[in-house]
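J.: Residue numbers (this note's numbering): 784 to 1096. Virtual Cβ for every residue (Gly too), placed ideally from N, Cα, C.
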Ligand SMILES: Cc1cc2nc3c(=O)[nH]c(=O)nc-3n(C[C@H](O)[C@H](O)[C@H](O)COP(=O)(O)OP(=O)(O)OC[C@H]3O[C@@H](n4cnc5c(N)ncnc54)[C@H](O)[C@@H]3O)c2cc1C
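1) Buried or exposed for residue 964, please, with buried defined as at least 16 other CB atoms from any protein chain shown within 10 angstroms of its CB.
2) Figure out for me which residue from 845, 795, 831, 1080 has the closest Cα to the Cα of residue 807.
3) Classify residue 1035: buried if its beta carbon has 16 or more other beta carbons within 10 angstroms, exposed otherwise.
4) Give a single yes or no on whether residue 923 has its beta carbon closer than 6 Å to a heavy atom of ligand 1.
5) Restricting to Cα atoms, I'd like to know which of 1060, 1077, 793 is closest to residue 804.
6) With 16 other CB atoms within 10 Å as the buried threshold, where does residue 876 fall?
7) How many whole angstroms separate the CB atoms of residue 857 and residue 799, which I take to be in contact at a CB cut-off of 8 Å?
8) What does the alpha-carbon distance come out to for the pair residue 1020 and residue 1068?
9) Which residues does DSSP list as the beta-bridge partners of residue 1026?
10) Given this structure, state the Cα-to-Cα distance separating residue 999 from residue 1082, to the nearest angstrom.
11) Just to confirm, is the Cβ distance from residue 1006 to residue 1040 under 7 Å?
12) Count the other C-beta atoms from every protein chain shown that fall within 10 angstroms of the C-beta of residue 850, then say buried if there are 16 or more, exposed otherwise.
13) Is it buried or exposed for residue 870, if we count other Cβ within 10 angstroms and need 16 for buried?
14) What do you reckon, is the C-beta of residue 1022 under 6 Å from a heavy atom of ligand 1?
15) Helix, strand or coil for residue 835? Go by DSSP, reduced to three states.
16) I want to check one thing, is the minimum distance from the CB of residue 927 to the heavy atoms of ligand 1 below 6 Å?
17) Starting from residue 1081, trace the beta strand (DSSP E) both ways and give me its first and last residue.
18) Out of curiosity, what's the CA-to-CA distance linking residue 824 and residue 815?
19) Is residue 830 closer than 7 Å to residue 1042 when the C-beta atoms are compared?
20) Compare the Cα-Cα distances from residue 891 to each of 912, 1017, 862, 931 and report the closest residue.
21) Near residue 1031, what residues of its chain come up, given a Cβ to Cβ distance below 6 Å and the 5 sequence neighbours on each side ignored?
22) Any idea if residue 789 is buried or exposed, counting beta-carbon neighbours within 10 angstroms, 16 or more meaning buried?
23) Residue 1104 and residue 1058: beta carbons closer than 7 Å?
24) Enumerate, from N- to C-terminal direction, the unbroken alpha helix (DSSP H) stretches of 4 or more residues contained entirely within the segment 910–936.
25) Would you call the CB atoms of residue 868 and residue 826 closer than 7 Å?
26) For residue 1025, tell me which candidate among 853, 972, 1062, 1061 has the shortest Cα-Cα distance.
27) Comparing alpha-carbon positions, which option in 910, 819, 883, 974 lies nearest residue 894?
28) Work out the CA separation of residue 865 and residue 925 for me, nearest whole Å.
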């Protein structure tokens, strides 16, 4: 779950992230000085000091045309603002893409995409993607390939499982649910306040891209408070939308707690997980971290190498 802090480059007035296009960019500071180091962390450091600008002035006409044909959504906010990104500089930012382009997800225990829960199989974004993407983003084809292949594998396995249980197929085991709220269990959930407080711990890149023990611990303290608050609250109403909102918030806090607990335990820099207090790779940590638990989270180093387990697809 520590590999869930992918940030994408975007125009400051847009939500569309297209890292690939920025290979044709010249980056500048407010005063026009060119930024030479173009990696995301260097750009982020400049962004902490002031506005950073990009201009896609290295794309020739042929490339410009190809860009517009292949990714027209990138240009919509520019066209609306009357900005020509090939000839005018524009402010940029880094947007957290979290687990969407990161890798954390439900742990798979064998090559049928099975989980530890009998009969439960996971695929695509819901499942861990480290088998195919390692600690880096799976954006730009791996994610989609993983969704299709793991979907096919897990679907077949689920069908075989259902077939295998035969006449017992209608006997279900119910697990205790987290995030189910009874109407009278406390004050109404402050959905907006909790969401903002949560976002404030995971979105800012000064916290999530430049990780340190102190920052992660501080965020965990706040996330644990939010977790308690959600569990002492009830949805504002029994409107299904309010209940869904409550469950979404519970899931976001759970994900953030798994992410930062894993990040605290990975005392090294690897892939997209960057620890300023542990700036290099630690060869003793060439294993996955498995986060376990909802209330109390436990982390263990995966005991076997993926190849030995035979689950490297
Ligand atoms: C902006 C963006 C750009 C991307 N670009 C690329 C790219 O260039 N290359 C690449 O390889 N990948 C890319 N990806 C990632 C890729 O799209 C995903 O990895 C892939 O779509 C995941 O497929 P999935 O089926 O696992 O999940 P999803 O596509 O998210 O499908 C899950 C479905 O489940 C539904 N659902 C959720 N909860 C419930 C419920 N309770 N009951 C019923 N249905 C439910 C959802 O509505 C959704 O339709 C991008 C993703 C985003 C967001």
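T.: Taking the structure as given:
1) In this predicted model, residue 964 has a pLDDT of only 47, less than 50, meaning its place in the structure is not dependable; the value taken from the coordinates is given anyway. Answer is buried; the Cβ neighbour count reaches 16.
2) 845
3) buried
4) yes
5) 793
6) buried
7) 5 Å
8) 46 Å
9) Residue 1026 pairs with nothing; no bridge assigned.
10) 15 Å
11) yes
12) buried
13) exposed
14) no
15) strand
16) yes
17) 1081–1084
18) 20 Å
19) no
20) 912
21) none
22) buried
23) Nothing in the structure corresponds to residue 1104, since the chain is present only between 784 and 1096.
24) 913–916
25) no
26) 972
27) 910
28) 34 Å
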